[in-house]
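Undergrad: Pasting a structure below so you can have a look.
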Amino acid sequence: MVMRFNFFKAKEQTTQNHEGALAWKLDARAELYAAVVTAALQDSFYEKTDGRLNRIRELITQNDPVFVAKLAVYTRTQMHLRSVSLVLVAELARLHTGDSLVSRTISRVICRADEITELLAYYQFSNQRTGTKKLNRLSKQVQKGLALAFNKFDAYQFAKYNRAAEVKLRDALFLAHPKAKDAAQQNLFDKIVQDTLATPYTWETELSALGQIKFDTAEQRGRAFAHKWEELLDSNQLGYMALLRNLRNILELDISAAHLERLCAYLANEKAVQNAKQLPFRYLAAYRELLNLPSGNTAPVLTALEEAVKTSIRNVQGFGAEVKVVVACDVSGSMQKRISPRSKILLYDVGLMLGMLLQHRCKNVVTGMFGDRWQVINLPQSSVLANVQEFYRREGEVGYSTNGYLVIRDLRQRKVIADKVMLFTDCQLWNSSNNNGHLATEWQQYKTIASHARLYLFDLAGYGHAPIQLIQHDVFLIAGWSDKVFDVLEAIENGREAFAGIELVEV
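Under the working numbering, the first residue of the sequence shown carries the number 1358, and numbering increases by one thereafter.
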């Protein structure tokens, strides 16, 4: 049976977005979803971190606890967002009692050993605990969930994340009182208590130890570090994320041709890419770090990164030659905000990255960017990262306003019948020309000549507004920074609800 698209309330209320333009308020479920999957919990252009966190906390109180639990698991396991999923389950624990929902959710959400202590640190903050026993009177369901989580990890995983943070693994063990599965695990728990876990073999510990050695010359130091990176590559214990982050460091050293080949093969390896579960913009960040590197080894690594990112979305359906797709990327001023204080990636980049991924998977596609103006930019479909860089190079060509309505007006005036129009934006659309043009009116007029067309808004900021009413005229909103947004797109295209993936989560 075909399910009705049921993402929003039948009676949406009009409001104003942050630019003062006409917008529509999302319902509590949709607003929580959008706020969560676009949250890095740092300042955004329009909203400060504490404002985003407080809004998420308030929205949790307005939603069904089971939906919040499923969203927490979905956010962690499908969208690969760690901090905000811990926020969801910790806030759920403050509000929901009476059954095992919280403990089951905690066990599902915690996927790394350090998330045990991160959850406790946030729980302490959220409950405003002070004094020497900040974590005293731990919720029974939180305690039970953490105990279950302790049974998921081995000695290496615990040792890797046994850090001198405010909340330590030892503290968490005393609070959770996990029951060991066997004598070997009891011995492991005893080592956590006694702080006698063996230092694990990791790239950090290996490089740190090498860094303590004094070398006579810079050349000797360089050779030593090159040999160490070669050793790490040979060990098969260098994680994919660690490799992405250290590509520049490695290429600045004179590693052997054989190890360069090994590095590139690992980067592009389908199994490694799928297991790594990297957000698309991670590949872009690594790619940019290498572009201006004066090394003869750079070109093959850039090629490997292109192959890796295309491999990462190999299962994305896209659309065939019979479906005409328009991909429009918002490059306005509000999109040029870093996604986190330490990142060089902007919301602008996330939109371009997702747009180019979709362009790569479609056969009949027009791409472009909009600001003051809408401009078509034709690029080869064989590249993704290079295409993003081409958009980035042309930054400023269309100005910095958010006149998204011009995308639809152009199609209407040229009588181009598109099947799918995709806008990658922070949804803060407004008209800088004072000519009464608006996305809602333009779309309604366009539907008179393209009755079957669908408009998809990919919300990259999660402010809680939509620039057009979302329960009519084939208009849909999808939120998030992960390539998993294309799974939601596929679900809608196949007649299922936008929340189908979340509802399928078991808690």
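Where a beta carbon is used, it is the ideal one built from N, C-alpha and C, also for glycine.
What number of angstroms, rounded off, separates the C-alpha of residue 1629 from the C-alpha of residue 1599?
TA: Locating residue 1629 in the sequence shown gives position 272, where the first residue counts as 1. Locating residue 1599 in the sequence shown gives position 242, where the first residue counts as 1. If I take the Cα positions, the gap works out to 13 Å.
Undergrad: Which residues does DSSP pair with residue 1727 in a beta bridge?
TA: If you number the sequence shown from 1, residue 1727 lands on position 370. Paired residue(s): 1687 and 1731.
Undergrad: Please identify the residue among 1711, 1607 and 1442 whose C-alpha is closest to the C-alpha of residue 1666.
TA: Reading the sequence shown from its first residue, position 309 is the one you call residue 1666. Taking only the C-alpha atoms, the option nearest residue 1666 is 1711.
Undergrad: Is it buried or exposed for residue 1855, if we count other Cβ within 10 angstroms and need 16 for buried?
TA: The sequence position of residue 1855 within the sequence shown is 498, counting from 1. Residue 1855 should be labelled buried.
Undergrad: So, under 8 Å CB-CB, residue 1647 and residue 1659 are touching, yes? Tell me the CB distance rounded to an integer number of Å.
TA: Residue mapping note: residue 1647 aligns to position 290 of the sequence shown, counting from 1. Residue mapping note: residue 1659 aligns to position 302 of the sequence shown, counting from 1. Contact flag correct, Cβ pair sits at about 6 Å.
Undergrad: Could you tell me if residue 1860 is buried or exposed, where buried requires 16 or more neighbouring beta carbons within 10 angstroms of its beta carbon?
TA: The residue labelled residue 1860 in the question sits at position 503 within the sequence shown. The residue is exposed, with fewer than 16 neighbouring Cβ atoms inside 10 Å.
Undergrad: Quick check: residue 1650 and residue 1616, are their CB atoms within less than 8 Å of each other?
TA: Position 293 of the sequence shown holds residue 1650. Position 259 of the sequence shown holds residue 1616. Result no, Cβ atoms of residue 1650 and residue 1616 do not sit closer than 8 Å.
Undergrad: Would you kindly report the start and end of the unbroken alpha helix (DSSP H) that includes residue 1498?
TA: Within the sequence shown, numbered from 1, the residue matching residue 1498 stands at position 141. Unbroken alpha helix (DSSP H) run through residue 1498: 1497-1507.
Undergrad: Using DSSP with H/G/I as helix, E/B as strand and the rest coil, what is residue 1621?
TA: Locating residue 1621 in the sequence shown gives position 264, where the first residue counts as 1. Of the three classes helix, strand and coil, the one that applies to residue 1621 here is helix, per DSSP.
Undergrad: Classify residue 1372: buried if its beta carbon has 16 or more other beta carbons within 10 angstroms, exposed otherwise.
TA: For this step, residue 1372 is matched to residue 15 along the sequence shown. So residue 1372 ends up on the exposed side.
Undergrad: What are the boundary residues of the beta strand (DSSP E) that includes residue 1780?
TA: Here residue 1780 refers to the residue found at position 423 when the sequence shown is read from its first residue. Per DSSP, residue 1780 belongs to the beta strand (DSSP E) from 1777-1782.
Undergrad: When the Cα atoms are used, what is the spatial distance from residue 1703 to residue 1692?
TA: Taking the sequence shown and counting its residues from 1, the one referred to as residue 1703 is at position 346. Taking the sequence shown and counting its residues from 1, the one referred to as residue 1692 is at position 335. Their Cα atoms are separated by approximately 7 Å.
Undergrad: Do you know how far the Cα of residue 1375 is from the Cα of residue 1403?
TA: The sequence position of residue 1403 within the sequence shown is 46, counting from 1. The sequence position of residue 1375 within the sequence shown is 18, counting from 1. Unreliable positioning characterises residue 1403 in this predicted model, as indicated by a pLDDT of 42, which lies under 50. A coordinate reading is not provided.
Undergrad: Name the two residues that bound the continuous beta strand (DSSP E) containing residue 1373.
TA: Walking along the sequence shown from the start, residue 1373 turns up at place 16. Here the beta strand (DSSP E) through residue 1373 covers 1371-1373.
Undergrad: Beta strand (DSSP E) containing residue 1812: first to last residue?
TA: If you number the sequence shown from 1, residue 1812 lands on position 455. Looking at the DSSP string, the run of the beta strand (DSSP E) that includes residue 1812 is 1811-1816.
Undergrad: Which first and last residues belong to the beta strand (DSSP E) in which residue 1382 is found?
TA: For the purposes of this step, residue 1382 is taken as the residue at position 25 of the sequence shown. Its beta strand (DSSP E) spans residues 1379-1382.
Undergrad: Could you give the distance in angstroms between the alpha-carbon of residue 1623 and the alpha-carbon of residue 1543?
TA: Translated into the one-based positions of the sequence shown, residue 1623 becomes position 266. Translated into the one-based positions of the sequence shown, residue 1543 becomes position 186. When rounded, the distance between both Cα atoms is 37 Å.
Undergrad: Using 8 Å as the threshold, is the stretch 1734-1748 in touch with the stretch 1707-1725, meaning 3 or more CB pairs across them?
TA: The stretch 1734-1748, when compared against the stretch 1707-1725, does touch it at the 8 Å Cβ threshold.
Undergrad: Quick one: give me the first and last residue of the beta strand (DSSP E) that residue 1835 is part of.
TA: For the purposes of this step, residue 1835 is taken as residue 478 along the sequence shown, with counting starting at 1. Counting along the chain, the beta strand (DSSP E) containing residue 1835 begins and ends at 1832-1836.
Undergrad: Considering only residues of the same chain and omitting the five flanking positions on each side of residue 1839, which have a CB-CB separation below 6 Å?
TA: What you label residue 1839 is simply residue 482 of the sequence shown in a count that begins at 1. So the list reads 1436 and 1636, once near-sequence residues are dropped.
Undergrad: Within 8 Å, do at least three Cβ pairs link the stretch 1779-1796 to the stretch 1678-1696?
TA: The answer is yes - the stretch 1779-1796 touches the stretch 1678-1696, with three or more Cβ pairs under 8 Å.
Undergrad: One question on the structure: do residue 1532 and residue 1460 come within less than 8 Å of each other, judged by their Cβ atoms?
TA: One-based indexing of the sequence shown puts residue 1532 at position 175. One-based indexing of the sequence shown puts residue 1460 at position 103. Cβ distance not < 8 Å, so residue 1532 and residue 1460 don't count as in contact.
Undergrad: Report yes if the CB atom of residue 1803 is closer than 8 Å to the CB atom of residue 1846, and no otherwise.
TA: Locating residue 1803 in the sequence shown gives position 446, counting from the first residue. Locating residue 1846 in the sequence shown gives position 489, counting from the first residue. No, these two residues do not count as a Cβ contact at 8 Å.
Undergrad: Got a sec? Which residues, its chain only, sit under 7 Å from residue 1563 by beta carbon, not counting five neighbours each side?
TA: On the sequence shown, position 206 is the one that residue 1563 refers to. For residue 1563, where only same-chain residues beyond five positions count, the Cβ hits under 7 Å are 1585 and 1589.
Undergrad: Going by C-alpha distance, which of 1453, 1529 and 1426 is nearest residue 1445?
TA: As a first step, residue 1445 is located in the sequence shown; it is residue number 88 there, counting from the start. Ranking the options by Cα distance to residue 1445, first place goes to 1426.
Undergrad: Would you check if the distance between the CB atom of residue 1420 and the CB atom of residue 1389 is smaller than 8 Å?
TA: Translated into positions along the sequence shown, residue 1420 becomes position 63. Translated into positions along the sequence shown, residue 1389 becomes position 32. Yes. Within cutoff.
Undergrad: With DSSP as the reference, please indicate the residues paired to residue 1468 in a beta bridge.
TA: By 1-based counting over the sequence shown, the position of residue 1468 is 111. Looking at the DSSP assignment, residue 1468 forms no beta bridge with any residue, so it has no partner.
Undergrad: With a threshold of 8 Å between beta-carbons, can residue 1723 be considered close to chain B, or not?
TA: Absent here is chain B; the protein component of the structure consists of one chain.
Undergrad: Going by other Cβ atoms of all chains shown within 10 Å of its Cβ, with 16 needed for buried, is residue 1573 buried or exposed?
TA: Position 216 of the sequence shown, counted from the start, is the residue given in the question as residue 1573. Looking at its Cβ environment, which holds fewer than 16 other Cβ atoms inside 10 Å, residue 1573 is exposed.
Undergrad: Excluding the 5 residues flanking residue 1412 on each side, which residues of the same chain have their C-beta closer than 7 Å to its C-beta?
TA: As a first step, residue 1412 is located in the sequence shown; it is residue number 55 there, counting from the start. Correct list, in chain order: 1392.
Undergrad: Taking only runs that begin and end inside the stretch 1402-1454, name each unbroken alpha helix (DSSP H) of 4 or more residues, in chain order.
TA: Correct list: 1406-1418, 1422-1434 and 1440-1452.
Undergrad: Suppose the cutoff is 8 Å on Cβ atoms and the five residues either side in sequence are ignored; what does the same chain contact list for residue 1645 look like?
TA: The residue labelled residue 1645 in the question sits at position 288 within the sequence shown. 1701 and 1746, listed in sequence order.
Undergrad: May I ask you to report which of helix, strand or coil DSSP gives residue 1708?
TA: Locating residue 1708 in the sequence shown gives position 351, where the first residue counts as 1. Residue state, collapsed to three classes: helix.
Undergrad: Let me check understanding here. Comparing Cα to Cα, which of 1501, 1553, 1500 and 1495 lies closest to residue 1513?
TA: Residue 1513 sits at position 156 when you count from the first residue of the sequence shown. Nearest of 1501, 1553, 1500 and 1495 to residue 1513, Cα basis: 1553.
Undergrad: Under a Cβ-count criterion, where at least 16 other Cβ atoms within 10 Å of its own Cβ denotes burial, should residue 1717 be classed as buried or exposed?
TA: As a first step, residue 1717 must be located in the sequence shown, where it is residue number 360. Buried, by the Cβ-count rule.
Undergrad: Counting C-beta neighbours from all protein chains within 10 Å, is the total for residue 1534 16 or more, i.e. buried, or is it exposed?
TA: Along the sequence shown, one-based indexing puts residue 1534 at 177. The residue is exposed, with fewer than 16 neighbouring Cβ atoms inside 10 Å.
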